[in-house]
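In this note's numbering, the protein residues as written are 5 to 62. One structure is given here, and the rest of the page talks about it.
Put into structure tokens, the structure is as follows:
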């Protein structure tokens with residue numbers, strides 16, 4: 005995994021928008037992982053169905 009770090013000078017409203025975006029992405033990622041882990045073998049969860057599910061969540 006690639007991690008980029010940097011310092012940014014942001015206004016409080018920008019900081020809250022960044023935090024909200026991070027929380028949204030983490031929520032979608034966790035829901036997609038849970039769908040993939042809980043699905044049965046017959047459900048055939050592949051990258052296309054995960055992409056569709058993420059679009060519904062977003």
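Glycine included, C-beta positions come from ideal geometry on N, C-alpha and C.
Going by beta carbons, residue 61 and residue 35 fall inside the 7 Å limit.
The alpha-carbon separation between residue 31 and residue 42 amounts to approximately 16 Å. For the 7 Å CB-CB criterion, residue 52 and residue 39 do not form a contact. In the three-state reduction of the DSSP assignment, residue 32 falls in the helix class. Closest in C-alpha terms to residue 17, from the list 11, 25 and 6, comes 25.
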